[in-house]
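A short worksheet on the structure shown next.
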Amino acid sequence: MSISDLFPKCLTLWLYLWTSYVTLSRVTIISFPFMATIVVFLILIGLYTYFKVAFTDPGSPLNYEILKVYDMQAVENGAELPPEFLSQRSITIKRDGRFRVCRTCHVWKPDRCHHCSRCDRCILKMDHHCPWFPGCVGFNNQKYFIQFLLYGTMYSFTILAFTSAQLIYWFKSGQYEYELINFLLLSVWLLAVAVSISLGCFTGFSVYQVTKNRTTVEMHLLRRYREELEVLTEACNPTGSLKENAYDLGSSSENWKDVMGCSLFEWLFPIATFRSMKNRNSLDYKGLYYELRGEINERLLESATLQDRLLRRLTPRSSMDE
1 MSISDLFPKC LTLWLYLWTS YVTLSRVTII SFPFMATIVV FLILIGLYTY
51 FKVAFTDPGS PLNYEILKVY DMQAVENGAE LPPEFLSQRS ITIKRDGRFR
101 VCRTCHVWKP DRCHHCSRCD RCILKMDHHC PWFPGCVGFN NQKYFIQFLL
151 YGTMYSFTIL AFTSAQLIYW FKSGQYEYEL INFLLLSVWL LAVAVSISLG
201 CFTGFSVYQV TKNRTTVEMH LLRRYREELE VLTEACNPTG SLKENAYDLG
251 SSSENWKDVM GCSLFEWLFP IATFRSMKNR NSLDYKGLYY ELRGEINERL
301 LESATLQDRL LRRLTPRSSM DE
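Residue numbers (the UniProt record's numbering): 1 to 322.
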């Protein structure tokens, strides 16, 4: 493990331990067992979720042998095509009607898959590359990432509340007249203020993105996404909202469940969703293709299937087939 990989992990661990030590040792007006129970619980679940994000592979088409491209020249000539299960379930294709391919990784790119220059590989449902882990947030670890943000925000607000209570007592009791403010306590309070505001805003933004079933990459590349989707959408005459986000399942709750799971237990604890565990032996819910809402799903997939059949009918036989 390189220093660049080790540093953010050590820094996160140190911030948790240092802020908790200062809070528990300097805050005296709140019951210690009460504070310790809350702080220790948030530390344990926060750190566990953090390392769950860091050490969970976000998912990549490189993990699937069936998505490997054997001859890039054959792909350019249209002689090598992606597997049918993928091409007939994908809605974002190039303007010429051909399927997306990564020339660096030499793999077929499913919907919502993008190449990360930092990780130097394609990531399934890539949201963004986060330097705090460091690594990409993608299909397999997005749920844990959202949970870590929520737990981290709860921890920072908890530390802020405890330290604020002690500082308010120090001021109202008149201790400031004969006793200097505790520097460590003040530094933790200032850090808690900054982290609570910044992390709270980022957590709110990330949760909002989940309720829209939209990744950060898709938000920034909306214009290119529309151009790719237009190849299929013109054929089925979709609504304007579909062109904005074809993966929106129609409600915030359904979009949330699609990422976080369908039960409160799955939302609270950093575990794999029951749906993914149920389908672990199939290609469903692996980030290779996605469910769309209602009749739009049927219409787009029918268009994709027709497009795929046309390409295969007009495409010369590849050397592999021969």
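By construction, the Cβ of each residue, glycine as well, lies at the ideal position given by its N, Cα and C atoms.
Distance between residue j and residue i (C-alpha atoms, nearest Å)
i: Thr211; j: Tyr178; result: 52 Å
i: Asp5; j: Asn140; result: 20 Å
i: Met35; j: Thr49; result: 21 Å
i: Cys136; j: Ser25; result: 36 Å
i: Ser241; j: Gly138; result: With a pLDDT of only 47 at Ser241, under 50, the local geometry of the prediction cannot be trusted, and no value is derived from it.
i: Trp132; j: Cys10; result: 10 Å
i: Asn279; j: Pro83; result: 20 Å
i: Ile271; j: Thr56; result: 11 Å
i: Ser206; j: Phe32; result: 34 Å
i: Cys116; j: Pro58; result: 12 Å
C-beta atoms of residue i and residue j nearer than 8 Å
i: Trp189; j: Thr158; result: no
i: Thr23; j: Val40; result: no
i: Thr273; j: Lys143; result: yes
i: Ser60; j: Cys130; result: no
i: Tyr247; j: Leu86; result: no
i: Val107; j: Val75; result: no
Nearest candidate by alpha-carbon position, reference residue i, set the options
i: Asp127; options: His220, Phe183, Asp71; result: His220
i: Glu150; options: Leu47, Cys102, Leu167, Cys122; result: In the sequence as displayed, the identity of residue 150 is Leu instead of Glu. It is Leu47.
i: Met154; options: Phe171, Gly204, Lys172, Cys113; result: Gly204
i: Leu186; options: Tyr16, Phe7, Val27, Gln142; result: Val27
i: Ser156; options: Ala194, Ile146, Ser31; result: Ala194
i: Arg103; options: Pro83, Leu191, Phe55, Asp120; result: Asp120
i: Val217; options: Asn281, Asp111, Trp14, Ile181; result: Asp111
i: Lys286; options: Trp267, Leu264, Asp258; result: Asp258
i: Asp77; options: Leu62, Arg98, Asn63, Ile168; result: First, the residue type needs correcting, since residue 77 is Asn and not Asp in the sequence shown. Ranking the options by Cα distance to Asn77, first place goes to Arg98.
i: Ile146; options: Leu62, Ile66, Met260; result: Met260
i: Ser20; options: Ile3, Ile29, Leu44, Phe7; result: Leu44
According to DSSP, residues forming a beta bridge with residue i
i: Trp267; result: BP columns for Trp267 are empty, so no partner.
i: Gly135; result: Cys130
i: Ile123; result: His114
i: Val101; result: Trp108
*Length-filtered (4 minimum) alpha helix (DSSP H) runs lying within the stretch 46-91*: 72-77, 84-87
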